[in-house]
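K.L.:
Please find one structure pasted underneath; my questions will follow.
Residue numbers (our numbering): 10 to 175.
So, in C-alpha cells, the structure goes:
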C-alpha cells in the first residue's frame, strides 16, 4: 500500500482515497470503531488538538479529512485563506499521535468521503448542530452515531489571526 498523497509528500498516516478505503476494510475486519471528522485545520491551535483528542477517544481509529486549498477558498473564509497549503496542513494533522489517517478532499463537503468510509462515529465541532452535519444521514442509516463536540472557549483560527493582526 502506498502512503503517497501528493508528489514529494509521504507520511505513514497520509492516504489517498483508494488506500484509505483499503485501510478502513482492514480496520473493520479487526472490528475497530472508526471515527471521522473533517476541517481546514489551517492554523493548528489548542482548540483543534483538544477536539481531535476527544474525537479519537470515542473510537479505535480517527480519520481526518482535510479540505484542499481550492475547497477552503470556496468556503469563503477569507480572501487570503488558507494560510498553510494542503500538504502542510495534512502533515501537521497526520503527525498528531491521536490521528490514524489523513486524506485530502477537494469537494465542497466531505459527503463522498463519508460515503466511502461510512464511519461508526461522525463528529464535528460544537459550532455544528448534529442535524446540520454533512453525512449524518449516511452514518445513522448504517447504525452509526453523529456527535457535535464542545469547542474549547477562546480558541479559534479567526480569533488567533485577529489577535496577530491586531
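All residues carry an ideal CB built from backbone N, CA and C; glycine is no exception.
None of the values given here were measured: they were computed from a predicted structure.
Can you name, in chain order, every residue of its own chain whose Cβ lies under 6 Å from the Cβ of residue 59, other than the five neighbours on each side?
P.N.:
Walking along the chain shown from the start, residue 59 turns up at place 50. Same-chain partners within the cutoff: 161.
K.L.:
With a threshold of 16 other CB atoms inside 10 Å of the CB of residue 74, please say whether the residue is buried or exposed.
P.N.:
Against the chain shown, residue 74 aligns to sequence position 65. Under this definition residue 74 is a buried residue.
K.L.:
Let me confirm a value: residue 144 is counted as buried when at least 16 other C-beta atoms fall within 10 Å, else exposed. Which label applies?
P.N.:
Residue numbering aside, residue 144 sits at position 135 when the chain shown is read from its first letter. Answer is buried; the Cβ neighbour count reaches 16.
K.L.:
Quick check: what's the CA-CA separation for residue 112 versus residue 89?
P.N.:
Here residue 112 corresponds to residue number 103 of the chain shown, with the count starting at 1. Here residue 89 corresponds to residue number 80 of the chain shown, with the count starting at 1. Spanning the two alpha carbons is a distance of roughly 23 Å.
K.L.:
Quick check on residue 19: buried or exposed, where buried means 16 or more other Cβ atoms within 10 Å of its Cβ?
P.N.:
In the chain shown, residue 19 corresponds to position 10, counting from 1. Classification of residue 19: exposed, given that the 10 Å Cβ count is below 16.
K.L.:
Excluding the 5 residues flanking residue 99 on each side, which residues of the same chain have their C-beta closer than 7 Å to its C-beta?
P.N.:
For the purposes of this step, residue 99 is identified with residue 90 of the chain shown, where counting begins at 1. Closer than 7 Å at the Cβ level, and outside the excluded window around residue 99, lie 14, 23, 75, 111, 113.
K.L.:
Where residue 21 and residue 119 are concerned, what is the direct C-alpha to C-alpha distance, given to the nearest angstrom?
P.N.:
Against the chain shown, residue 21 aligns to sequence position 12. Against the chain shown, residue 119 aligns to sequence position 110. If I take the Cα positions, the gap works out to 22 Å.
K.L.:
Under 8 Å by Cβ, that's how I've got residue 66 and residue 46 pegged, so tell me the actual separation to the nearest angstrom.
P.N.:
On the chain shown, residue 66 is found 57 positions in, with the first residue counted as 1. On the chain shown, residue 46 is found 37 positions in, with the first residue counted as 1. Contact doesn't hold; Cβ gap of about 12 Å is too wide.
K.L.:
For residue 135, count the other beta carbons within 10 Å of its own beta carbon; 16 or more makes it buried, fewer makes it exposed. Which is it?
P.N.:
As a first step, residue 135 is located in the chain shown; it is residue number 126 there, counting from the start. The residue is exposed, with fewer than 16 neighbouring Cβ atoms inside 10 Å.
K.L.:
Could you give the DSSP three-state label for residue 97: helix, strand or coil?
P.N.:
Indexing the chain shown from 1 puts residue 97 at position 88. In this structure, residue 97 counts as helix in the three-state DSSP scheme.
K.L.:
Any idea which residues DSSP pairs residue 75 with across the strands?
P.N.:
As a first step, residue 75 is located in the chain shown; it is residue number 66 there, counting from the start. Beta-bridge pairing links residue 75 to 48, 113.
K.L.:
Considering only the alpha carbon of each residue, which of 33, 139, 35, 86 lies closest to residue 49?
P.N.:
Counting from one through the chain shown, the residue named residue 49 turns up at place 40. Taking only the C-alpha atoms, the option nearest residue 49 is 86.
K.L.:
In chain order, what residues of the same chain have a beta carbon less than 7 Å from the beta carbon of residue 149, not counting five sequence neighbours either side?
P.N.:
Sequence index remark: in the chain shown, residue 149 carries index 140 (1-based). Contacts found: 155.
K.L.:
Where residue 97 and residue 133 are concerned, what is the direct C-alpha to C-alpha distance, given to the nearest angstrom?
P.N.:
One-based indexing of the chain shown puts residue 97 at position 88. One-based indexing of the chain shown puts residue 133 at position 124. When rounded, the distance between both Cα atoms is 22 Å.
K.L.:
With 16 other CB atoms within 10 Å as the buried threshold, where does residue 103 fall?
P.N.:
In the chain shown, counting from the first residue as 1, residue 103 sits at position 94. Classification for residue 103: buried.
K.L.:
In this structure, does DSSP put residue 175 in helix, strand or coil?
P.N.:
As a first step, residue 175 is located in the chain shown; it is residue number 166 there, counting from the start. Coil at residue 175, not helix or strand.
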